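Worksheet: the structure to be examined is printed underneath.
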Amino acid sequence: MAEVVLKKVEKVYPNGFKAVHGIDLHIKDGEFMVFVGPSGCAKSTTLRMVAGLEEITGGEIWIGDKCVNELPPKDRGIAMVFQNYALYPHMTVYDNMAFGLKLQKTPKDEIDRRVRDAAEKLEITDLLDRKPKEMSGGQRQRVAVGRAIVRDPDVFLFDEPLSNLDAKLRVSMRVRISQLHQQLKKEGKNPTTIYVTHDQVEAMTMGDRICVLNYGKIMQVDTPINLYAKPANKFVAGFIGAPAMNIHEAELIMDKDKIAVKVAGLVLHLPEAKAQKVKRYVGKKVWFGIRPEHIKSSETNPNKEEYVTGKITVVEQLGNEEFVYFHVSGTEYISRLDPMKVQGVAREKKYDFWFDLDKCHLFDFESEENISL
């Protein structure tokens, strides 16, 4: 396998639109890297440039020790799995998986060994004689993955491979792909994988690291837990996490000799450690962010002095948790509560919450960079 390095990679279309803005990225040998971001952020365009399906207009792409800018896709040592499966409808599963190897004039016994080995890994051995129209979407996607595996590439590329599947199948397939990656590692193949998705749950559960993109720029590259707990900027904070982080315009002020956040009628005093990090912003506008699970019921922490009373507008009950939407001075917040630990949460009621300000985030109002890390 091989590392993938992007150096100042750009994509400018003939009409002058700049889709990718000088991306620098180092994907380590054997790493599972996920590209995630909203529609139009250039994640698929970047993947297609790595594959050689999209011409780059600036910078360099390296796979292993080769600069592949001028190499056609077939010579880059990559295998790609597409969103729409891209199977040959007139061929059996076996022939679909074997087709690329036949073009490479691989010996028949080696083709058979690779196809049956991949089919066993993906639990599709009993489908080898079927044609694509005789299978479900999930089965077809497994075949598409198997076709990539048999080529034994340096790099696997996945372009939103699960977006056409229903919710239950997406879960089972993302688990299968993650298991496959680990299994290949144990066999010493150390697969380098780039996986594109718009689904942050896929990104958080599958990636060794995640590259968050927006408008053709990298917002942050980090492990899933660091992206969630230590977002580098307001965009990452708002994009990663479901429900999304509560983010509102605020001002840092001095109140009772303490640094506090003044946000939509509330004055929230910051813990000393957090206050010291942002004291240079006192008197300035900032963005205040706090995740739903860090807005808690006052019942769960009776030692807290500062309660926030809000009027509940919606309660979404999910069994093991509930999302509570409430208003304070006309501003909406979302809280994630444990229904087993709280009482009396109901629509149109007033309820006392407390904000765990040790876990809040503050962002520069102009640059939107996180100033509280």
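In the working numbering, the protein residues as written are 2 to 374. All C-beta atoms in this analysis are idealised placements derived from N, C-alpha and C, irrespective of residue type, glycine included. Predicted model only: the values in this text are computed from it and were never measured.
I'd like to check one pair, residue j with residue i: are the Cβ atoms closer than 8 Å?
i, j, result
"residue 128", "residue 142", "no"
"residue 255", "residue 283", "yes"
"residue 13", "residue 58", "yes"
"residue 330", "residue 354", "no"
"residue 68", "residue 215", "no"
"residue 265", "residue 332", "yes"
"residue 374", "residue 286", "no"
"residue 168", "residue 82", "no"
"residue 301", "residue 3", "no"
"residue 247", "residue 352", "no"
"residue 147", "residue 123", "yes"
"residue 98", "residue 151", "yes"
"residue 288", "residue 250", "yes"
With DSSP collapsed to three states, give me the class of residue i.
i, result
"residue 69", "coil"
"residue 19", "strand"
"residue 371", "strand"
"residue 25", "strand"
"residue 83", "coil"
"residue 258", "coil"
"residue 234", "strand"
"residue 279", "helix"
"residue 247", "strand"
"residue 136", "coil"
"residue 196", "strand"
"residue 210", "strand"
At the level of alpha carbons, what is the spacing between residue i and residue j?
i, j, result
"residue 269", "residue 360", "13 Å"
"residue 37", "residue 228", "12 Å"
"residue 156", "residue 27", "14 Å"
"residue 290", "residue 120", "47 Å"
"residue 367", "residue 245", "21 Å"
"residue 102", "residue 94", "14 Å"
"residue 258", "residue 276", "12 Å"
"residue 326", "residue 363", "22 Å"
"residue 70", "residue 241", "32 Å"
"residue 66", "residue 30", "12 Å"
When we look at the beta-carbon of residue i and count the other beta-carbons within 10 Å, is it buried (16 or more) or exposed?
i, result
"residue 45", "buried"
"residue 85", "exposed"
"residue 201", "buried"
"residue 196", "buried"
"residue 234", "buried"
"residue 347", "exposed"
"residue 137", "exposed"
"residue 281", "exposed"
"residue 187", "exposed"
"residue 297", "buried"
"residue 376", "Lying before the first or after the last residue shown, residue 376 is absent from the chain, which here runs from 2 to 374."
"residue 24", "buried"
Comparing C-alpha positions only, which one of the options sits nearest to residue i?
i, options, result
"residue 158", "79, 271 and 224", "79"
"residue 339", "294, 49 and 146", "294"
"residue 217", "19, 3, 164 and 274", "19"
"residue 179", "203, 245, 164 and 199", "203"
"residue 321", "312, 315, 343 and 292", "343"
"residue 213", "16, 31 and 35", "35"
"residue 292", "356, 16, 74 and 313", "356"
"residue 39", "132, 237, 110 and 152", "237"
"residue 345", "312, 328 and 372", "312"
"residue 100", "161, 149 and 252", "149"
"residue 272", "307, 239 and 243", "307"
"residue 32", "210, 309, 220 and 222", "210"
Using beta carbons (cut-off 8 Å, strictly below), is residue i in contact with chain D?
i, result
"residue 206", "In the structure shown, chain D does not exist; there is a single protein chain."
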